[in-house]
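Presented below is the structure to which this report refers.
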Amino acid sequence: MTPASHTALSAPSLTRGRSAASGGARVLAHPSLEEIRLEHVLHALADPIRLCIVRQMAGAPAGLACSYFELPVAKSTLTHHFRVLRESGVIHQIYRGTAKLNELRGDDLEKLYPGLLDSVLRAADREAVRLPGVRPA
C-alpha cells in the first residue's frame, strides 16, 4: 500500500488525553458509532495478524490484555495492529492499571453492518480448517 492510500484509510481525527470522568486515567481515542466507516473496518480485518487478534477476542468471555496475544511480530508491530483495530472501530481499548484491555465492538459493528463480523469470523474459521498450516490462525 502506498503512503497516499494509507492516508486515505486513516481513521477520523480522534481526541486523546485524560478524562475527569475516569479519575484522570489515560483515555484512548476511539471513533464514535457515527464515525466508523466500512472501508476502515474491512481494511483492519484484511490483515492476517489483525484477523488473528479479532478471532482470539471473539472467543474470549472478557477483555484481553495486549500481553495475552502471542503472535510472530515485534511488540511495536503488535501495538500498531491494535491501534489500527481501535481507530477503525473494531475494538475498544481501556487501561486497567498498566495493562491495556481489548474488547471487540461486536454490538456496534452489528448495528452498522449486520452479519459482517460473524461472516468474516466464520470464513476465517473455515479457512483455518482448509489451510491448517497457514499462520496466523
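Under the numbering used here, the first residue of the sequence shown carries the number 33, and numbering increases by one thereafter. Cβ coordinates follow ideal geometry from the N, Cα and C atoms, glycine included.
query, result
"The alpha helix (DSSP H) enclosing I68, as first and last residue numbers", "That residue, I68, is in no alpha helix (DSSP H); it is neither H nor E in DSSP."
"In DSSP terms, what Q125 is bridged to", "N134"
"V122 and L141 closer than 8 angstroms at C-beta", "yes"
"Span of the alpha helix (DSSP H) around S64", "Premise fails: S64 is in no alpha helix (DSSP H) and is neither H nor E."
"As assigned by DSSP and simplified to three states, the class of L96", "strand"
"Cutoff 8 angstroms; reference G138; Cβ partners in own chain excluding five residues on either side", "A90, L149"
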